[in-house]
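Residue numbers (UniProt numbering): 1 to 111.
Pasting the structure below:
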């Protein structure tokens, strides 16, 4: 397990930079999904259904992506072990929630 107390300052700054980039990617993807859902359904960008659909689509994409990475890893190692569909961790769910929330605020400011 990663121990933040034992992390060097350079590694901590790198981790913060990667986290900021990840959140920016989540905001960009969430904004694109909000626009897609708004065009296809007619729901405004700040409607609770649009925000909920955006959140669920991002969580599903991360879920499928985690499974695909596990599948490729299994094929690459030549293993024949069963794969389990694990729900994404709290970090990923939290980053999706932050991304959808910031995208909603940006949508509101654009109006």
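Glycine is no exception: its CB is placed at the ideal position from the N, C-alpha and C atoms.
**OP:** Return the CA-CA distance between residue 8 and residue 46, expressed in angstroms with no decimal places.
**Re:** 41 Å
Original post:
Less than 7 Å separating the beta-carbons of residue 50 and residue 35?
Top reply: no
Original post:
Is it true that the CB of residue 26 sits closer than 7 Å to the CB of residue 89?
Top reply: no
Original post:
Per DSSP, what kind of secondary structure is residue 95 in: helix, strand or coil?
Top reply: helix
Original post:
At a cut of 8 Å, does the segment 92–106 reach the segment 10–23 through at least three beta carbon pairs?
Top reply: yes
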